[in-house]
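Trainee: This is the structure I have questions about; it appears just below.
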Amino acid sequence: MTRNDREHLVALDKAHVWHPFTQMQGWLASEPLIVERAEGCWLIDTEGRRYIDGVSSLWVNVHGHGVPEIDEAITEQLGRVAHSTLLGLAGVPSIELAAELVALAPPGLDKVFYCEAGASAVEVALKMAFGYWRHRGVESRTTFLSLENGYHGDTLGAVAVGGIDLFHRAYRPLLFPTYRAPSPYCYRCPLGLAYPSCGIGCLEPMAEVLELHADEICAVVVEPLVQAAGGMITAPPGYLRRVRDLCDSHDVLLIVDEVATGVGRTGTFFACEHEGVAPDILVAGKGLTGGYLPLAATLTTQRVFDAFLGDPAAGKTFFHGHTYTGNPLACAAALANLDLMRKRDTLGGVRERGEILAEALAPLNGHPHVGDIRHHGLMVGIELVADKPSRRPYEAAETMGARVAAAAREAGAVIRPLGDVVVLMPPLAIPIPELLQLASITRAAIEAVTGCG
Ligand code: PLP
């Protein structure tokens, strides 16, 4: 691409594109990276510069970009039908994919409802849980219990159960009220305790809410093992199991949002497998199609499904569904992705790569401005702090996370921080040399920006 072509694109972008989760004032003054193509784990910009895709194109990419098997599956499906509706009709790839997802999911999750985005699939989960109680004649259950620092997407229902003030506070007047429990954020324990002597005391407030208000609560909503957008906050072992037990003892449904943690990210297909937990409703998205096309799914049990059965006049129909629900191209991509994951033992690869990445980052543990390194499989958060002994954060205006990401980009890796938590979420099958390069670029960027090597 010539310099003029690029400049024209930049001008058009700045004139017309409103970028998500982006302060556009800063964007308009910046020199944007325009991705033109990609190969394997590399993004290539309009000037031919190459960058490791260090956040797998927002936590979705599995086998890299340009995977012949997925390309072919989509092309073959294009030769059959690009889209037909699931409203009143069935489709071949959506049937096959539903059966595969059920086989991969924890036991009992036998029903699959498709969407295009994680947030929409969370809305489905909330409405399923609400409808479940209502159709069984329990009208007092009108709210949910969710966690501080939780993130479930940007639609209003998902925001109502979200707990990231920066993203959500402006919209609070629009939201239905919910109960909130503390986040299992051990590094900044909301109760001032320390694991393991705490006995996971942050579950006590959740237990209390359930004790007092279970008859108002449709479901507890959690991200299993890792609160991702909240800052890669890893829950202590046993936390999820105990949430499941609390739900059981209070007869409340459990919704597990696996949009970030699912499809192998933590080394098992779904993160809740680590603790042998089977939720009542599971939400998956992001990596389902290998990072190719938008697809999400909400899985649930026969019990929840049955609550919606009845004559049309009974008013129990699940009146929910999007135009492109279960799109055949996306389902075909997902089938090819899952097939490759099986053939290539991608889950084993994630466990191996997770250990290699943790080891490569370990020297940062001694860094005076690295407060905490949290990881599970190929989900990593490195929390930067102004003062390590007191764990004092940097002032937001210092934008340390963003500056580290900018330095990493200069050195050839695209990463995107969450505040001052530097996030690494590479494609699940990233080759080990690139993984090590990503780790060393990140270390060097942190050292350069904090001024401590
Ligand atoms: N749930 C979780 C746990 C997520 O991390 C995200 C996105 O990051 C979502 C839901 C929303 O997914 P989407 O952006 O596809 O709507």
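Following this note's numbering, the numbering of the sequence shown begins with 661 at its first residue and continues without gaps.
We treat Cβ as the ideally placed atom computed from N, Cα and C, and that holds for glycine.
Please tell me whether, using a cut-off of 6 Å, the distance from the CB of Gly778 to the nearest non-hydrogen atom of the ligand PLP is below it.
Mentor: Yes - the ligand PLP has a heavy atom lying nearer than 6 Å to the Cβ of Gly778.
Trainee: Quick check on DSSP: helix, strand or coil for Ala609?
Mentor: In the structure as shown, the chain begins at 661 and stops at 1113. Residue 609 is therefore absent and cannot be evaluated.
Trainee: Whole angstroms is fine: what's the gap from Tyr839's alpha carbon to Gly950's?
Mentor: Using only the alpha carbons, I get a separation of about 35 Å.
Trainee: Spell out the partners DSSP gives Ile893 in its beta bridges.
Mentor: In DSSP, Ile893 forms a bridge with Gln887.
Trainee: What residues match up with Ser806 in a beta bridge as DSSP calls it?
Mentor: Paired residues: Arg840.
Trainee: Among Pro850, Ser1100, Val798 and Leu786, whose alpha-carbon lies nearest the alpha-carbon of Ala820?
Mentor: Measuring from the Cα of Ala820, the nearest candidate turns out to be Leu786.
Trainee: Give the straight-line distance between the Cα atoms of Pro1091 and Ala1099, rounded to the nearest whole angstrom.
Mentor: Computed Cα separation, rounded: 13 Å.
Trainee: I'd like to confirm the pairing. Which residues does DSSP put opposite Ala854 in its beta bridges?
Mentor: DSSP, once it has assigned bridges, lists no residue as partnering Ala854.
Trainee: Taking the alpha-carbon of Gly813 as reference, which of Glu696, Thr1102, Glu883 and Lys674 has the nearest alpha-carbon?
Mentor: Of the candidates Glu696, Thr1102, Glu883 and Lys674, the one whose C-alpha sits nearest the C-alpha of Gly813 is Glu883.
Trainee: Is the stretch 905-919 in contact with the stretch 789-807, if contact means three or more CB pairs nearer than 8 Å?
Mentor: Because the criterion of three Cβ pairs below 8 Å is met, the stretch 905-919 and the stretch 789-807 touch.
Trainee: Considering only heavy atoms of the ligand PLP, does any lie closer than 6 Å to the CB of Asp917?
Mentor: Yes, Cβ of Asp917 sits closer than 6 Å to a heavy atom of the ligand PLP.
Trainee: Pull the bridge partners of Lys674 from the DSSP assignment, please.
Mentor: Paired residue(s): none; Lys674 is not in a bridge.
Trainee: Ordered along the chain, which non-local residues of its own chain (more than five positions away) have a Cβ less than 6 Å from that of Lys674?
Mentor: Hits under 6 Å: Leu688.
Trainee: How about Ala671: is its Cβ closer than 6 Å to a heavy atom in the ligand PLP?
Mentor: Because no heavy atom of the ligand PLP lies under 6 Å away, the Cβ of Ala671 does not count as near it: no.
Trainee: Using the Cα positions of Leu870 and Met661, report the straight-line distance between them to the nearest angstrom.
Mentor: One C-alpha to the other measures close to 59 Å.
Trainee: Using CA atoms only, rank isn't needed, just tell me which of Met1085, Lys1003 and Cys862 is closest to Glu896.
Mentor: Reading off the sequence shown, one finds Pro at residue 896, where the question assumed Glu. That would be Cys862, whose Cα lies nearest to the Cα of Pro896.
Trainee: Based on DSSP bridge pairs, tell me the residues matched to Ala698.
Mentor: Beta-bridge pairing links Ala698 to Leu703.
Trainee: Looking at C-beta atoms only, is the number of pairs between the stretch 960-971 and the stretch 766-776 that lie closer than 8 Å three or more?
Mentor: Taking 8 Å as the limit for Cβ pairs, the verdict is that the stretch 766-776 does touch the stretch 960-971.
Trainee: Quick one: residues in its chain with C-beta nearer than 6 Å to the C-beta of Leu1044, no 5 flanking neighbours on either side, listed in chain order?
Mentor: Answer for Leu1044: His1029, Met1060 and Asp1080, listed in chain order.
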